[in-house]
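*Asks:* One structure coming up, written as structure tokens, with questions to follow.
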Amino acid sequence: MNAETGKDTRILIVEDDHGLAELLQDEVEDAGMAARLAHTAEDGLATAVTWLPDIIVSDLRLPGADGLALLGKVRTEMPKNTPDVLIITAFGTVPKAVESLKAGAEDFLTKPLDLEHFRLSLERILEKRRMREQLGRIKRLVEADSAFHGMYGRSPAMLHLFGQLRQIARAGGPVLIVGESGTGKELVARAVHEESGCAAGPFLAVNCAGIPEHLLESEFFGHEAGAFTGAGKSRQGLFAEAEGGTLFLDEISEMSPPLQAKLLRMLQDGNIRPVGSNRERQVNVRVVAATNRDIEERVRAGDFREDLFYRLETFQLHVPPLRERDDDIDLLSGIFLAQYAAAADKPIEGFSLAACELLRRHSFSGNVRELRNAIERAVVFCHMREIRPEHLPARIREGVRHGRASAGSLLQNGLRVSDESLPTLEEVERRYIRHVMTSVQGNKRAAAAILGIGRRTLYRRLEEMGEAKKC
Ligand SMILES: Nc1ncnc2c1ncn2[C@@H]1O[C@H](COP(=O)(O)OP(=O)(O)OP(=O)(O)O)[C@@H](O)[C@H]1O
Ligand SMILES: [Mg+2]
């Protein structure tokens, strides 16, 4: 069945027909889940309150209290760990089964039971359950405001970064933030400001690549009236405006050499000199710089002053790329989904397993920004209760995660092809299917999404390979 199913998934079967009950038990256990049997509603309830099943499969007609009564009892007596209920009913009692849906059952199946329908129904209920839990977790996170200054992260790499950030922010001194584009450097810079002793002061952000060269010096350090053509009135400059707070210098590697010299001066003794003035002035400003380029390469190439680099990099924060933090992909997808769905007033509850797998496997060269944009788009196109692969951008839908399942790595690691023994196309296909099945831990839905084939085709291929039961 799906990735969430397994020994931890519990199915309670309440059925007075012992033969059918055992058949269903075999079916559930074959799918790798735990099953227990009860033959009356009373026994069923007694087992449910102690064993806490995920799903109760109950016959509608039982000796004594019926399935509908069991459903009602379960809902009142198990308000916290309420199992979902799947009703089984004889053909003649369909109206009663519909009544059970109204009373909160998840689904009903009619006898004689089609085992394929039974499996699919369980799978669907479990997936819905998983989505509900996922959404519940995210809601709790958002409500608990568990963000670190607007940043969400639970991967070890981000938790380490938050810890380092706290210490560095309180220590004072300049900070250099490095990381690929879209990893959240600006959020990190704001967090440094908010965690520091100058949080009450202003936070000013400036993009060093965005200011015309001839205006840079006056922009940063201010100028005296008449200092140059067009300088009618005097101007304070960004350093003076950020007094008592933080000046965030984004894309620091783009700063021109003359300005680098002035910045170094300011960092060394806290003095600035406005253009056209012969007097220096002391400022108290925390400098936080960021770059998404390899700044050391710029130093080696002579484009960035080595002494300034060493002054800045004493306190360096590295924001890891999103592809190195799988836990955060899940978390951030959920957070962004909750935010965009609420803004668009759409009742989207979560991601289908296949969509989750695709997100986990994508390389996200644009990092969190790319993920955020993808979810925003998915919410626009989704008119269902879950985000499915077709709602995701083609790059994510079709992309295969670098290294993990790329053709190259497969050839090197998965297939171990050598010149002496080149396999046939059929053999390659078999090995590839096996490789993908292993890499998704037997989750057929996810494997089918990666292989780009329907689930039924995958089942058929696995059967032909004699592996249907194994995985
Ligand atoms: N941990 C996070 N939690 C929530 N949102 C995040 C997180 N990290 C980044 N974001 C969001 O991702 C987007 C990109 O972040 P940001 O602008 O800080 O990246 P950047 O590293 O400065 O990128 P660039 O190098 O392109 O300037 C923003 O919308 C930001 O709010
Ligand atoms: Mg930025």
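Heads up: the sequence shown runs through residues 0 to 470, numbered per numbering that gives the first Met the number 0. Where is the CB? At the ideal position from N, CA and C, for every residue including glycine.
(1) What ranges does the alpha helix (DSSP H) occupy inside the stretch 256-327, keeping only unbroken runs of at least 4 residues that lie completely in it?
(2) For R435 and I395, what's the separation of their Cα atoms in angstroms?
(3) Does DSSP classify D42 as helix, strand or coil?
(4) In the DSSP assignment, what are the bridge partners of E385?
(5) Would the beta-carbon of T182 be found less than 7 Å away from any heavy atom of ligand 1?
(6) Spatial neighbours of Q338 within its chain, please: CB distance less than 6 Å, with the 5 preceding and 5 following residues excluded, ordered by chain position.
(7) Would you mind giving the Cβ-Cβ distance between T49 and D15, rounded to the nearest angstrom? I have them listed as a contact below 8 Å.
(8) Apply the 10 Å Cβ neighbour rule to L175 and answer buried if 16 or more other Cβ atoms are within range, or exposed otherwise.
(9) Alpha carbon to alpha carbon, what distance is there between P320 and N283?
(10) Mapping the DSSP letters down to three states, classify I124 as helix, strand or coil.
(11) For ligand 3, I want to know if V174 counts as a neighbour, meaning its beta carbon is within less than 7 Å of at least one of the ligand's heavy atoms.
(12) Compute the Euclidean distance between the alpha carbons of S420 and E428, then round it to the nearest angstrom.
(13) Name the residue from A45, R384, E21, L51 whose alpha carbon lies nearest to the alpha carbon of T8.
(14) Name the DSSP beta bridge partners of H222, please?
(15) Using C-beta distances below 7 Å, list every residue in its chain close to C207, excluding the 5 sequence neighbours before and after it, in chain order.
(16) Taking all protein chains shown into account, decide if T290 is buried (16 or more other Cβ within 10 angstroms of its Cβ) or exposed.
(17) Examine ligand 2 and report whether any of its heavy atoms sits within less than 7 Å of the Cβ of E185.
(18) Distance check for L44 and K471, CA to CA, integer angstroms please.
(19) Please return the same chain residues whose Cβ sits closer than 7 Å to the Cβ of I235, not counting the five positions on each side in sequence.
(20) V205 by DSSP, collapsed to three states: which one?
(21) Taking 7 Å as the line, does the beta carbon of V378 fall inside it for any heavy atom of ligand 1?
(22) From D268 to A146, what does the alpha carbon distance come to, in whole angstroms?
(23) Using only the alpha-carbon positions, how far apart do L352 and L450 sit?
(24) Would you mind stating whether G172 and V318 have Cβ atoms separated by less than 8 Å?
(25) Could you pull out every unbroken alpha helix (DSSP H) segment of at least 4 residues lying fully inside the stretch 22-109, listed in chain order?
(26) Mapping DSSP to helix, strand and coil, what is R9?
(27) From the DSSP output, in three-state form, read off L248 for me.
(28) In the DSSP assignment, find the unbroken beta strand (DSSP E) run with A175 in it and report its ends.
(29) Just to confirm, does V97 get its C-beta within under 7 Å of one of the non-hydrogen atoms of ligand 1?
(30) Reducing DSSP to helix, strand and coil, say where M254 ends up.
(31) Does the stretch 191-205 touch the stretch 147-167, meaning 3 or more C-beta pairs lie closer than 8 Å?
(32) Can you find a heavy atom of ligand 2 that lies under 7 Å from the Cβ of A289?
(33) Is G333 near I137, with beta carbons less than 8 Å apart?
(34) One question on the structure: do L59 and T81 come within less than 8 Å of each other, judged by their Cβ atoms?
(35) Comparing C-alpha positions only, which one of P392, L61, P346, V298 sits nearest to R376?
*Replies:* This is what the structure holds:
(1) 256-268, 294-299, 305-312
(2) Inspection of the sequence shows that residue 435 is occupied by Val rather than by Arg. If I take the Cα positions, the gap works out to 17 Å.
(3) helix
(4) G349
(5) yes
(6) none
(7) About 21 Å; that fails the 8 Å criterion.
(8) buried
(9) 33 Å
(10) helix
(11) Ligand 3 is absent from the structure shown, which contains only ligand 1 and ligand 2.
(12) Since pLDDT at S420 reaches only 45, below the 50 mark, its modelled position is unreliable, and no value is offered.
(13) L51
(14) R234, V274
(15) L248, D249, E250, I251, E253, M254
(16) buried
(17) yes
(18) Lying before the first or after the last residue shown, residue 471 is absent from the chain, which here runs from 0 to 470.
(19) In the sequence as presented, Ile is not what sits at residue 235; that position holds Gln. G221.
(20) strand
(21) no
(22) 36 Å
(23) 14 Å
(24) no
(25) 40-50, 66-76, 93-101
(26) strand
(27) strand
(28) First, the amino acid is wrong: residue 175 is Leu here, not Ala. Run containing L175: 174-177, per the beta strand (DSSP E) assignment.
(29) no
(30) coil
(31) yes
(32) yes
(33) yes
(34) no
(35) P392
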